[in-house]
Amino acid sequence: MAKQVKQLDRVVIRFAGDSGDGMQLAGDQFTSETAIFGNDLSTLPNFPAEIRAPAGTLPGVSSFQLHFADHEITTPGDSPDVLVAMNPAALRANLPDLPVGRDIIVNTDEFSARNLAKVGYATNPLDGAELESWHVHKVPLTSMTVEALKHSGLGKKDAARAKNMFALGLLSWMYHRPTDGTLRFLEKKFAKLPQVAAANIAAFRAGWNYGETTESFAVSYEVKPASMRPGTYRNISGNLALSYGLIAASLRSGLPLFLGAYPITPASDILHELSKHKAFGVRTFQAEDEIAGIGAALGAAFGGSLAVTTTSGPGIALKSETIGLAVSLELPLLICDIQRGGPSTGLPTKTEQTDLLQAMFGRNGEAPVPIVAPQSPGDCFDAAIEAARIAVTYRTPVLLLSDGYLANGSEPWAIPDVDSLPELAPNFAVAAEEPFLPYDRDPETLARPWAIPGTAGLEHRIGGLEKADRTGDISYDPTNHELMVRIRQSKVDRIALSIPPLTVDDPSGAARVLVLGWGSTHGVIDAACHRVRRRGVPVAQVHLRHLNPFPSDLGDLLGSYDKVILPELNLGQLALVLRGRYLVDILSINQVNGMPFRAVDLEESLWDLVQGART
Amino acid sequence: MSIDLGIPALAGVPKADVAQRAKDFKTDQEVRWCPGCGDYVILAAVQGFLPELGLRRENVVFVSGIGCSSRFPYYMNTYGMHSIHGRAPAIASGLAASRPDLSVWVVTGDGDALSIGGNHLIHALRRNVNLKILLFNNRIYGLTKGQYSPTSEIGKITKSTPMGSLDFPFNPVSLALGAEATFVARTIDSDRAHLTSVLRAAAAHEGTALVEIYQNCNIFNDGAFELLKDAQTRDQWLISLEHGKPILFGADGSHCVVRDDGGDLVIAETSAVRPEDVVVHDAAAANPSHAFALSRLSGQDLRYTPVGVFRSVQRPTYDRLMADQVTQAQVTGCADFGTLLRGNDSWTVPNRSE
Chain A
1 MAKQVKQLDR
11 VVIRFAGDSG
21 DGMQLAGDQF
31 TSETAIFGND
41 LSTLPNFPAE
51 IRAPAGTLPG
61 VSSFQLHFAD
71 HEITTPGDSP
81 DVLVAMNPAA
91 LRANLPDLPV
101 GRDIIVNTDE
111 FSARNLAKVG
121 YATNPLDGAE
131 LESWHVHKVP
141 LTSMTVEALK
151 HSGLGKKDAA
161 RAKNMFALGL
171 LSWMYHRPTD
181 GTLRFLEKKF
191 AKLPQVAAAN
201 IAAFRAGWNY
211 GETTESFAVS
221 YEVKPASMRP
231 GTYRNISGNL
241 ALSYGLIAAS
251 LRSGLPLFLG
261 AYPITPASDI
271 LHELSKHKAF
281 GVRTFQAEDE
291 IAGIGAALGA
301 AFGGSLAVTT
311 TSGPGIALKS
321 ETIGLAVSLE
331 LPLLICDIQR
341 GGPSTGLPTK
351 TEQTDLLQAM
361 FGRNGEAPVP
371 IVAPQSPGDC
381 FDAAIEAARI
391 AVTYRTPVLL
401 LSDGYLANGS
411 EPWAIPDVDS
421 LPELAPNFAV
431 AAEEPFLPYD
441 RDPETLARPW
451 AIPGTAGLEH
461 RIGGLEKADR
471 TGDISYDPTN
481 HELMVRIRQS
491 KVDRIALSIP
501 PLTVDDPSGA
511 ARVLVLGWGS
521 THGVIDAACH
531 RVRRRGVPVA
541 QVHLRHLNPF
551 PSDLGDLLGS
561 YDKVILPELN
571 LGQLALVLRG
581 RYLVDILSIN
591 QVNGMPFRAV
601 DLEESLWDLV
611 QGART
Chain B
616 MSIDLGIPAL
626 AGVPKADVAQ
636 RAKDFKTDQE
646 VRWCPGCGDY
656 VILAAVQGFL
666 PELGLRRENV
676 VFVSGIGCSS
686 RFPYYMNTYG
696 MHSIHGRAPA
706 IASGLAASRP
716 DLSVWVVTGD
726 GDALSIGGNH
736 LIHALRRNVN
746 LKILLFNNRI
756 YGLTKGQYSP
766 TSEIGKITKS
776 TPMGSLDFPF
786 NPVSLALGAE
796 ATFVARTIDS
806 DRAHLTSVLR
816 AAAAHEGTAL
826 VEIYQNCNIF
836 NDGAFELLKD
846 AQTRDQWLIS
856 LEHGKPILFG
866 ADGSHCVVRD
876 DGGDLVIAET
886 SAVRPEDVVV
896 HDAAAANPSH
906 AFALSRLSGQ
916 DLRYTPVGVF
926 RSVQRPTYDR
936 LMADQVTQAQ
946 VTGCADFGTL
956 LRGNDSWTVP
966 NRSE
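As structure tokens, this is what we get:
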């Protein structure tokens with residue numbers, strides 16, 4: 001009997017299970033299949049900070065949400081259409097996010113009395129009427145996986161571990177995903193364990209075949225490829241794109257890349273990635289602590305490397321003194337802050353935009369540091385190159401503010417032509433007849449010479465004590481100090497001259513309300529603005545990539561609207577700065593729950609404020 | 616004149632074309648240590664010794680932290696960085712690991728290296744980056760005007776410890792050996808010949824070298840090492856270590872170091888022991904126990920203070936291993952950036968006209 005095939009324009013799937021169930025892997029693989037198929041997509045991994053929280057408990061639930069469509073999308077979706085729940089904890093933790101009428105695929109094997117009790121289910125929700133508002137597909141995923149692998153030579157326990165691949169196979173059937181990539185992936189991942197590779201592939205196929213034959217799945221779905229601009233694409237996460245952007249900046253500047261870092265969630269993947277690319281001359285130095293990570297990077301910068309340190313908020317706190325030294329030394333240095341929930345250790349695996357003020361002001365003295373924030377996973381590539389451009393051109397530390405959502409989320413990314421990437425010129429100082437002045441200035445950029453050891457005739461000493469203008473000698477002179485403070489500020493301010501004008505997205509040209517954003521909220525603000533416009537009110541959208549200095553036209557732009565609305569994943573940090581800087585009122589929309597905005601929530605908040613603007 | 620010493624540790628550092636003199640390494644900056652400070656002697660010794668190495672000045676870098684000693688780079692006509700408190704070993708590690716053509720020196724003090732920067736020091740030592748660390752130990756905080764330091768003797772009366780300090784001090788040589796440093800030495804500011812010989816040995820060492828230099832702070836801790844300098848006591852208190860030689864000291868070798876029945880090193884009168892029982896110093900011993908035992912001979916009052924090279928062993932340096940990995944990756948790996956960007960799962964959306 002041929003099964004019915006339904007056409008959909010978009011789907012949101014959430015895989016949820018125990019931390020050890022391999023949900024991130026299943027989600028990643030489904031994402032790869034979807035990317036290759038040509039849908040537009042956006043992902044939201046969500047997992048606990050514990051590596052293995054007690055099995056079967058609510059704190060141990062790990063999930064992966066994927067939104068894919070036949071048209072351009074900008075968010076990982078507000079609520080799932082399909083929830084895959086591998087155990088009672090996954091069901092209990094995720095059911096509140098699932099609108100009624102949607103599908104639940106549930107692994108019945110894990111609904112034992114013990115597992116139910118662990119999460120406070122007095123009775124089995126699969127037996128009663130509790131779930132009658134949803135379409136529940138009861139699938140004994142574990143036992144069918146074990147059955148499918150009974151001749152694999154693996155014991156029951158090991159065979160059961162392939163149940164995530166069974167689930168992936170089933171979902172791949174449901175949504176007509178291409179499977180070659182997954183099969184190749186499994187062969188490669190378990191190349192040294194052919195028995196395990198074969199078992200995972202068998203489980204994947206069993207899941208696919210189960211979908212095709214069982215009556216509990218009567219319908220499968222097609223989501224046509226999205227129409228995308230011509231080009232070569234791949235799926236990419238923010239941390240991967242950031243890593244590649246750093247290598248690109250190294251290649252385009254001719255400066256060897258040096259990373260000094262201490263492992264910290266959610267930044268460690270950049271260290272892992274860059275450590276693989278020594279063939280591009282990359283040196284990675286896993287330091288004894290955050291301070292040594294940036295210290296080693298600063299030492300390498302003094303020696304003429306493109307120097308980088310990667311961390312998250314707690315690490316920035318520890319690095320602050322060295323960032324101040326880099327401000328004083330005026331050496332190029334990239335500091336990547338992959339923001340997470342705070343304060344203190346906070347929420348290591350969750351996302352926030354709460355380090356903006358720390359990035360902008362978190363140092364002693366007047367210590368201005370340029371700030372660049374990427375707006376999507378793929379944009380982390382370009383933002384890294386832009387941060388390197390500013391650092392190298394202006395001889396300054398630069399903060400790159402990504403976050404946990406960008407770091408782990410992914411999207412299709414148009415692969416750039418390497419030769420078309422901007423070239424960065426280090427312009428090292430070379431020996432001249434005159435005495436060398438390490439704090440002389442380029443009249444345009446105010447950048448000082450970058451004279452690296454090994455250059456004869458330019459031997460000089462620099463340090464954290466205040467320096468005399470031009471000579472760089474130690475100076476305690478009051479007039480000189482004020483001059484140097486103002487020069488350092490002025491140098492950072494002048495970066496604005498190299499920033500392109502802001503792009504205003506206002507399809508009607510009639511908007512009186514501006515919705516402003518920065519960093520990772522771009523996609524969801526974009527989606528919410530679309531919805532508000534569809535409801536009949538024109539709104540303009542502007543997104544900031546440069547947070548210090550601000551683009552030269554920002555002040556005039558803010559002043560040209562009746563209302564400015566600023567959604568941020570903090571308590572109003574950018575709003576505070578903009579009010580002070582431009583004397584404009586800002587209407588804030590704030591969320592600090594460790595998760596990205598949902599488009600539906602943001603739409604409602606915007607709508608309320610926009611309506612307020614009209615009355 | 617410049618002599619090529621054939622030192623493997625400096626093989627990658629370009630040599631000067633012409634002979635150098637001490638004054639080539641002096642800057643025009645006014646030296647601002649207190650008159651009579653031991654730092655002057657060390658500065659003169661370093662400036663006097665560097666021409667021996669014959670390295671290009673532009674390939675020599677001095678990195679320091681914070682404290683009196685850390686002003687040192689301003690007075691050296693090489694590249695230099697006066698950084699922040701305690702972090703010089705980390706900064707220098709990044710510089711040396713990324714630039715094998717440089718001779719990188721760290722100048723630090725007992726507060727800078729052992730208090731605020733203790734973590735960086737032990738990790739630099741275990742990592743064995745090609746660095747030479749000169750630790751000026753005056754057993755006091757000078758630049759903050761006289762608080763006790765992590766090497767001050769217990770019970771020290773200072774501005775911050777009017778009833779005496781409570782914390783037990785570090786022995787920097789013991790600490791470095793505990794961190795399995797490959798080169799550990801001690802010398803004294805007042806003995807320029809000995810200081811220079813130790814600097815020479817440190818420069819020749821491939822890897823991290825720690826040189827503890829007892830340095831007199833004549834303002835806040837004057838005479839801290841007087842018993843090791845005074846002609847009346849010096850010979851009885853100071854043990855000069857020489858690799859391969861029996862450890863004898865005192866007037867005409869009146870005293871020596873022997874093993875007691877428990878295997879510990881102890882002081883004995885030479886006339887009372889058999890010559891073959893006198894311990895022979897072996898700085899090249901793979902096991903650091905011998906060097907460590909020697910470092911434990913000295914008490915808080917500095918009685919029986921060994922000076923010289925405690926340990927000098929070969930272990931691959933971090934910077935060389937790192938450079939080797941880069942070279943190996945470049946030989947065996949794919950370095951096409953376009954290929955990397957495309958990855959394994961790219962797809963192409965064709966032009967509609969095609």
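Chains A and B are the protein sequences, given in the same order. The opening position of the first sequence corresponds to residue 1 in my numbering, with each subsequent residue numbered one higher. The opening position of the second sequence corresponds to residue 616 in my numbering, with each subsequent residue numbered one higher. For each residue, glycine too, the CB sits at the ideal point set by N, CA and C. Just so it is clear, the structure is predicted and the values come from calculations on it, not from any experiment.
- Of all residues in the stretch 114-132 of chain A, none places a beta-carbon less than 7 Å from a beta-carbon of chain B.
- Near chain B, meaning a CB-to-CB distance below 7 Å, the residues of the stretch 264-282 of chain A are 278, 279, 280 and 281.
- A distance below 8 Å between beta-carbons, with the five flanking residues on each side excluded, links residue 88/A to the following residues of its chain, in chain order: 56, 110, 111, 115, 116, 118, 119, 121 and 125.
- In this structure, the beta-carbon distance from residue 813/B to residue 923/B falls below 8 Å.
- Rounded to whole angstroms, the Cβ separation of residue 675/B and residue 934/B is 16 Å, and the two are not in contact under 8 Å.
- Residue state for residue 517/A is assigned as strand, using DSSP reduced to three classes.
- Nearest C-alpha to residue 372/A among 547/A, 11/A, 556/A and 52/A: 547/A.
- Annotated three-state conformation of residue 341/A is strand, per DSSP.
- Contact annotation: in the stretch 927-945 of chain B, residues whose CB is within less than 7 Å of a CB in chain A are 937, 940, 941, 944 and 945.
- Counting along the chain, residue 587/A sits inside no alpha helix (DSSP H); it lies in the beta strand (DSSP E) bounded by residues 587-590.
- Distances from the CA of residue 901/B to each of 795/B, 868/B, 823/B and 768/B were compared; the closest alpha carbon is that of 795/B.
- In the three-state reduction of the DSSP assignment, residue 628/B falls in the coil class.
- Residue 638/B and residue 295/A have their C-alpha atoms spaced approximately 31 Å apart.
- Per DSSP, residue 610/A has no beta-bridge partner at all.
- With a 10 Å radius around the Cβ and a threshold of 16 neighbouring Cβ atoms, residue 735/B comes out buried.
- Here the alpha carbons of residue 355/A and residue 290/A stand approximately 16 Å from one another.
- The beta carbon of residue 250/A sits closer than 6 Å to those of 257 and 306, all from its chain and outside the five residues before and after it, given in chain order.
- Here the stretch 464-474 of chain A makes contact with the stretch 424-441 of chain A; the two share three or more CB pairs at distances below 8 Å.
- Spatial neighbours of residue 511/A in its own chain (CB-CB distance under 6 Å, excluding positions within 5 residues in sequence) are listed in chain order as 538, 539 and 540.
- Within the stretch 197-256 of chain A, the complete alpha helix (DSSP H) segments of 4 residues or longer fall at 238-253, listed in chain order.
- Around the CB of residue 694/B, 16 or more other CB atoms lie within 10 Å, so the residue is classed as buried.
- Ranking 839/B, 836/B, 816/B and 797/B by CA distance to the CA of residue 823/B puts 797/B first.
- Distance between residue 451/A and residue 666/B, taken at the CA atoms: about 23 Å.
- At least one beta carbon of chain A lies nearer than 8 Å to the beta carbon of residue 961/B.
- DSSP, read as helix, strand or coil, puts residue 679/B in strand.
- Between residue 160/A and residue 146/A, the gap from beta carbon to beta carbon is short of 8 Å.
- Fully contained in the stretch 73-122 of chain A are the following alpha helix (DSSP H) runs of length 4 or more, in chain order: 88-94 and 113-118.
- Within the stretch 646-667 of chain B, no residue has its Cβ closer than 7 Å to any Cβ of chain A.
- For residue 709/B, the closest Cβ of chain A is nearer than 8 Å.
- Your pair residue 681/B and residue 727/B checks out as a contact, with CB atoms roughly 6 Å apart and the cut at 8 Å.
- The stretch 134-145 of chain A makes no contact with the stretch 171-188 of chain A, as fewer than three CB pairs between them are under 8 Å.
- Residue pairing by DSSP puts residue 40/A in a beta bridge opposite 69/A.
- Judged by DSSP in its simplified three-state form, residue 718/B adopts strand.
- Residue burial annotation: residue 949/B is exposed, with fewer than 16 other C-beta atoms found within 10 angstroms of its C-beta.
- Nearest to residue 390/A by alpha-carbon distance, out of 492/A, 167/A and 133/A, is 492/A.
- The alpha helix (DSSP H) runs of length 4 or more contained entirely in the stretch 325-374 of chain A are, from start to end of the chain, 356-361.
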